[in-house]
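These protein sequences, in sequence, are chains S and Z.
Going by this note's numbering, the first residue of the first sequence is number 442, and it counts up by one from there.
Going by this note's numbering, the first residue of the second sequence is number 2, and it counts up by one from there.
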Amino acid sequence: MDSLWERVELLLGSVSKPARYVGGEQGARDVVHRAGAVAWLLIYPDTYEIGLPNQGLQILYELLNDRDDAVAERTYAPWVDMEAAMRSAGVPLFSVENHLAARAFDVLAFNLSAELVYTNVLNLIDLAGLPVRRAEREGGDPLVLAGGHCAFNPEPLADFVDAFVLGDGEEVVGEINAVLGPWKAGARRVEDRRRVLAALAGVEGVYVPSLYDASFAEGRLVGVTPRGPQVPAVVHKRTVADLAEWPYPRQQLVPLTEVVHDRLNVEVFRGCTRGCRFCQAGMITRPVRERPAAQVQEMVHAGLERTGYDEVALTSLSTADFSGIESTVRDIVQDPRHGRRVAVSLPSLRVDAFTVGTAAQIGQVKRTGLTFAPEGGTWRMRKVINKLIREEDLYGAVDAAFSQGWRRIKLYFLIGLPTERDEDVLGIAELGARCVEIGRRYQRGVTVTASVGGFVPKAQTPFQWFGQDTIEELARKVILLRNACRGVKGLTLRWHDPEATAVEGIASRGDRRVGAVIERVWRAGGTFQEWTERFDLSLWQEALAAEGLSLESVVYRDRSEDEALPWDHLSAGLHRDFLWSDWQEALAGTGVEDCRWTPCYDCGACTEYGVEHVVASALPPAGGSQGTGQDLRTGDRVPVRFVTAVGAGRQ
Amino acid sequence: MVDAVRFRFAKQGKVRFTSHRDLARMWERALRRSGLPVAWTQGFSPRLQISFGLALPTGCESVAEYLDVHLPDGGAAAWGLSVPEAGRGGGAATLCARLSSLLPEGVEVTAAEAVAGGRGSLQQEVTSCAWELEVLGLAAGDVAGRVERFLDAPSVLVRRERKGRLDEDDLRPAVRSLSVVGPAASGPDGTPGSRLQAELATHPRGVRPAELMQGLGTDLVLRRACRTQQWIERDGVRFEPLVTTGPSVDTDAPHARRAS
Chain S
442 MDSLWERVEL LLGSVSKPAR YVGGEQGARD VVHRAGAVAW LLIYPDTYEI GLPNQGLQIL
502 YELLNDRDDA VAERTYAPWV DMEAAMRSAG VPLFSVENHL AARAFDVLAF NLSAELVYTN
562 VLNLIDLAGL PVRRAEREGG DPLVLAGGHC AFNPEPLADF VDAFVLGDGE EVVGEINAVL
622 GPWKAGARRV EDRRRVLAAL AGVEGVYVPS LYDASFAEGR LVGVTPRGPQ VPAVVHKRTV
682 ADLAEWPYPR QQLVPLTEVV HDRLNVEVFR GCTRGCRFCQ AGMITRPVRE RPAAQVQEMV
742 HAGLERTGYD EVALTSLSTA DFSGIESTVR DIVQDPRHGR RVAVSLPSLR VDAFTVGTAA
802 QIGQVKRTGL TFAPEGGTWR MRKVINKLIR EEDLYGAVDA AFSQGWRRIK LYFLIGLPTE
862 RDEDVLGIAE LGARCVEIGR RYQRGVTVTA SVGGFVPKAQ TPFQWFGQDT IEELARKVIL
922 LRNACRGVKG LTLRWHDPEA TAVEGIASRG DRRVGAVIER VWRAGGTFQE WTERFDLSLW
982 QEALAAEGLS LESVVYRDRS EDEALPWDHL SAGLHRDFLW SDWQEALAGT GVEDCRWTPC
1042 YDCGACTEYG VEHVVASALP PAGGSQGTGQ DLRTGDRVPV RFVTAVGAGR Q
Chain Z
2 MVDAVRFRFA KQGKVRFTSH RDLARMWERA LRRSGLPVAW TQGFSPRLQI SFGLALPTGC
62 ESVAEYLDVH LPDGGAAAWG LSVPEAGRGG GAATLCARLS SLLPEGVEVT AAEAVAGGRG
122 SLQQEVTSCA WELEVLGLAA GDVAGRVERF LDAPSVLVRR ERKGRLDEDD LRPAVRSLSV
182 VGPAASGPDG TPGSRLQAEL ATHPRGVRPA ELMQGLGTDL VLRRACRTQQ WIERDGVRFE
242 PLVTTGPSVD TDAPHARRAS
């Protein structure tokens, strides 16, 4: 395997940000390819600066390279100037460690974190020198795998990807590697390709689309069914039971050049059962699995020592819910080993769990950006989406922040939610204005940014049946809101392009027919569609029309209870009837409690897989009312396992 | 009183594709990892107080980069340097090796010196830089012809974009010397390569090697550029920012042609 470095080097003088293509990160492995070690190329299908920090990819990178029978390198999507230079010089997609051609690897494994990157996936397969359609790939070609949250509706990419992996990757990646070993040893022969795919379908958590038929009648999906009895009718996600057993990444990559989230990141828990009905992440990653606080401290300390970072983010879907978050933050900030110069950021905060104490702790060193996500503008709206935070909760959190010296905060909202009325939209402006007022009590010149996204219904959530708002309707609501915010000093409104929201909807709930649409957009040059300057709605509209589809049929249409959904053969454990009844309760404006602190309502995520919550405290965080008024301290019937102290041998 | 440490370091290999800003961040991380005391800037978000010299253009290599690390009151002892200990001996060698091990591959610290009392900023003091350049596209003899024409021209105008506006600039006054040293390795497709040396003034504005290439002809591709020295010229004498080998009067290469 020859390094392409000398050829790559010549291209770097004339492209933007050339450091994205050279590797050299602290923590990067010195990868030595050898017989008997399956070679993985881990790919994030967006730019280096977006993809490098991805923790999922870094965890797999370490786990694979720690094995005797695997090696892994990484790559990212070259920006358009580099891609053009590569194509004109005949340089294929290459890894950033050894600068090896992608084709030299046994597996190209994509991380799918967002739908708008799908055209990039095709582009990268093509840039690797492979046919984009899996049916046209041959024995000698690497296998194309994909995992990540978007794998919970993989159908739009089913014609291009050989196998998808659902859920946590830590355990399954080794099982997949064991299946690929003999295939590699057999020189990746054609006849073995079919055999290896069949074997992969037997690995729990792996979906091999070529072994399933998608059938259609009268323009609608009838179902996705297995071809033969040995293929599982439903593929179930994987779940690691105890995060304490996986203190990864142990050597977070420190890039040579600036990337997003350029700081130490330590995952403090996985999963979330707040039950926000719009949130796919909160549905597919259940149950809650906390990392023991002592292990968090150790990972923070070791990480800071090793990297020289002066900021650590405690990551999760809702970090303020971490048991004992205040003392955890305090212990980091006050750890004498860090010289009291460590900033802590909590990227995902619930307002009802954010207290003055937490604000004071994280504000001691550097006031990292504070973002709260009320999501809905009125209490009625928040009941529908089950984001049960009261206005008092929000104002309390905002007060805590401004009183501790913050001058700017950011609020996240969604528009286009089910049952939404104009008063709900206008409520966003009112909340924002009120937050500015609160800030003014402490200082002049405070700013509140209300950031508004258009809601895209996602697979495996209670809102999967909901017809997404049209571009025109979202645009109308944006204007409504813009007018309401105009003249409110200190309040800034930002919104996501309704056209991009619509396109996200195509991939989010599309079936296998959407693959041809993605291919057309890619062939027309539509890469990096998540980048405003590259996004082009007309490419999508033309492609939809050419395939006999429309935004109406794929995106805007309500689904009925008996309609076959493209992801019915895939499961995150959640019972379909739980999701449907939660959808009905949403329409009725009824909330549901957080089951980590209250009795189980049997969504299926724990009971299906024999796992349970792992939390250090049976009580919700201080002030955590969940808004419903019920007593949340009656948690005696919860299937909760408490975190035990982690012994030295386990770390 | 010692209040700063001045370093000389090299930036070579793949790390040369990082920007000046990236380099500053590498140094900040390395200094934090070292645990050595560094002064902090005042203000809303305090930072380590370190000052770099002239920015090295992204993609260029250097064996002559300089950096001043400012020390807090009473912090000098921890650094193990004494004044006027110069350059590579004793504590300096240990310090250089230690920091090199904390910096990415390709960033090598080659000299350190304790600085007492206000010295001018590197940015203002340096008057010119010496470069070694490798170009692809023409044989060495042909490149020499270009160089001759360049040096004989009263002015060499190139276009450059500044704040979104296209300006024309005269390169000629800033090119203090320029010469072909000999052939260099050819490109992957067999195009001939040549090696040049240049000394480029930094005032009123620095000329970048890529701009010099523009002035020599757009058919030449700059394959490698390495800054080999930074010069401070004062009262007809010139010396480098770290006085490890005594002031130098003239170290021009034998083939160099002095620009008048």
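A virtual CB, placed ideally from N, CA and C, is assigned to each residue, including glycine.
A quick note: this is a predicted structure, and the numbers were derived from the prediction, not measured.
| Touching by the beta-carbon criterion (3+ pairs, under 8 Å), the region 484-497 of chain S and the region 33-43 of chain Z | Taking 8 Å as the limit for Cβ pairs, the verdict is that the region 33-43 of chain Z does not touch the region 484-497 of chain S.
| task | Output the distance between the C-alpha atoms of Val-995(S) and Gly-946(S), rounded to the nearest integer angstrom. | result | Cα to Cα, Val-995(S) sits roughly 8 Å from Gly-946(S).
| Given Gly-1045(S), which residues of its chain have a CB within under 7 Å of its CB, disregarding the five upstream and five downstream residues? | Counting only Cβ-Cβ distances below 7 Å, and skipping sequence neighbours, we find Gly-1014, Leu-1015, His-1016 and Phe-1019.
| request: Keeping to the same chain, check which residues put their C-beta closer than 7 Å to that of Gly-1(Z); ignore five residues upstream and five downstream. | output: With chain Z running from 2 to 261 in the structure shown, residue 1(Z) is simply not present.
| task | Identify whether Tyr-1050(S) lies in helix, strand or coil by the three-state DSSP scheme. | result | Coil at Tyr-1050(S), not helix or strand.
| request: Could you confirm whether any beta carbon from chain S is found closer than 8 Å to the beta carbon of Arg-196(Z)? | output: Output row for Arg-196(Z): interface = no.
| field | Within 8 Å, strictly: CB atoms of Trp-936(S) and Val-962(S) | value | Taking 8 Å as the Cβ cut-off, Trp-936(S) and Val-962(S) do not qualify as a contacting pair.
| request: For Ala-113(Z), count neighbouring C-beta atoms within 10 Å of its own C-beta (all shown protein chains included) and say buried if the count is 16 or more, exposed if not. | output: Ala-113(Z) should be labelled buried.
| said: Looking only at its chain, what residues have a beta carbon closer than 8 Å to the beta carbon of Gln-1071(S), apart from the 5 residues adjacent to it on each side? | reply: Annotation note: pLDDT 42 at Gln-1071(S) (below 50); position unreliable, no value reported.
| request: With DSSP as the reference, label Phe-907(S) as helix, strand or coil. | output: It is coil, neither helix nor strand.
| Using a C-beta cutoff of 8 Å, does Asp-751(S) count as contacting chain Z? | Closer than 8 Å: yes.
| If you measure from the beta carbon of Ala-78(Z) to each beta carbon in chain S, is any gap under 8 Å? | Not one chain S Cβ lies under 8 Å of Ala-78(Z).
| Touching or not, the region 560-575 of chain S and the region 501-509 of chain S, by the rule of three or more beta carbon pairs under 8 Å? | Output reads no: the region 501-509 of chain S does not touch the region 560-575 of chain S.
| task | Examine chain S for any beta-carbon lying closer than 8 Å to the beta-carbon of Gly-60(Z), and answer yes or no. | result | Closer than 8 Å: yes.
| Near Leu-82(Z), what residues of its chain come up, given a Cβ to Cβ distance below 8 Å and the 5 sequence neighbours on each side ignored? | Excluding residues within five positions, the ones whose Cβ falls inside 8 Å are Val-3, Val-6, Gly-92, Ala-93, Leu-96, Ala-113, Glu-114 and Ala-115.
| query | Does the distance from the CB of Glu-135(Z) to the CB of Ile-233(Z) come in under 8 Å? | reply | No, they are not a contact pair.
| Given Gly-36(Z) as reference, the closest of Val-897(S), Ile-617(S) and Arg-778(S) once Cα atoms are compared | Closest by alpha carbon: Arg-778(S).
| message | Judging by CA-CA distance, which residue of Gly-454(S), Tyr-462(S), Ala-800(S) and Thr-560(S) is the nearest neighbour of Gly-967(S)? | response | Per the Cα distances, Thr-560(S).
| field | Reduced DSSP category for Asn-594(S) - H, G, I as helix; E, B as strand; rest coil | value | Coil.
| Start-end ranges of the beta strand (DSSP E) lying completely within the region 687-737 of chain S, minimum 3 residues | Along the length of the region 687-737 of chain S, whole beta strand (DSSP E) runs at least 3 residues long occupy 705-708, reported in chain order.
| query | Shortest alpha-carbon distance to Phe-551(S) belongs to which of Asp-582(S), Leu-978(S), His-590(S) and Arg-927(S)? | reply | The residue among Asp-582(S), Leu-978(S), His-590(S) and Arg-927(S) with its C-alpha nearest the C-alpha of Phe-551(S) is His-590(S).
| query | From Asp-801(S) to Gln-845(S), what does the alpha carbon distance come to, in whole angstroms? | reply | Just to set this straight, residue 801(S) is Ala in the shown sequence, not Asp. Between Ala-801(S) and Gln-845(S), the C-alpha separation is close to 6 Å.
| Backbone secondary structure at Glu-752(S) - three-state DSSP | If DSSP states are grouped into helix, strand and coil, Glu-752(S) belongs with the strands.
| Run through DSSP, which three-state label would Gly-804(S) get? | If DSSP states are grouped into helix, strand and coil, Gly-804(S) belongs with the helices.
| field | Residues that Phe-53(Z) contacts on chain S, provided the C-beta gap is smaller than 7 Å | value | Neighbours of Phe-53(Z) on chain S: none; closest Cβ ~16 Å, over 7 Å.
| Taking the alpha carbon of His-474(S) as the point to measure from, which residue in Leu-452(S), Asn-827(S) and Asn-539(S) has its own alpha carbon closest? | Out of Leu-452(S), Asn-827(S) and Asn-539(S), the CA that lies nearest to the CA of His-474(S) is found in Asn-539(S).
| said: For Ala-530(S) and Arg-448(S), I'd like the C-alpha separation in whole angstroms. | reply: Here the alpha carbon of Ala-530(S) sits roughly 8 Å from the alpha carbon of Arg-448(S).
| request: Could you check which residue in Asp-703(S), Gln-721(S) and Trp-687(S) has the C-alpha nearest to that of Phe-710(S)? | output: If we check each option's Cα against that of Phe-710(S), Trp-687(S) comes out closest.
| request: Determine contact between the region 1019-1028 of chain S and the region 607-625 of chain S, defined as no fewer than three beta-carbon pairs at a distance below 8 Å. | output: Short answer: they don't touch.
| request: Going by CA-CA distance only, name the one from Arg-808(S), Lys-828(S) and Arg-821(S) that's closest to Val-792(S). | output: Cα-wise, what sits closest to Val-792(S) is Lys-828(S).
| From Arg-732(S), Asp-762(S), Val-774(S) and Val-737(S), pick the residue whose C-alpha is nearest to that of Glu-752(S); which is it? | Of the candidates Arg-732(S), Asp-762(S), Val-774(S) and Val-737(S), the one whose C-alpha sits nearest the C-alpha of Glu-752(S) is Val-774(S).
| said: Tell me which residues share the same chain as Ser-554(S) and place their Cβ nearer than 6 Å to its Cβ, disregarding the 5 neighbours each side in the sequence. | reply: Gly-589.
| Counting pairs of Cβ atoms below 8 Å between the region 891-910 of chain S and the region 856-873 of chain S, do you hit three or more? | The region 891-910 of chain S vs the region 856-873 of chain S: in contact.
| query | Under 8 Å, do Leu-1098(S) and Val-785(S) count as touching if we go by C-beta distance? | reply | The displayed coordinates of chain S run from 442 to 1092. Any statement about residue 1098(S) would go beyond what the structure contains.
| Taking Cβ-Cβ distances shorter than 8 Å, what residues in chain S pair up with Asp-23(Z)? | Residues of chain S passing the Cβ test: Ala-460, Leu-697, Thr-698 and Glu-699.
| task | Compare the C-alpha of Thr-942(S) against each of Glu-914(S), Gly-454(S) and Leu-598(S) and name the closest. | result | Nearest C-alpha to Thr-942(S): Glu-914(S).
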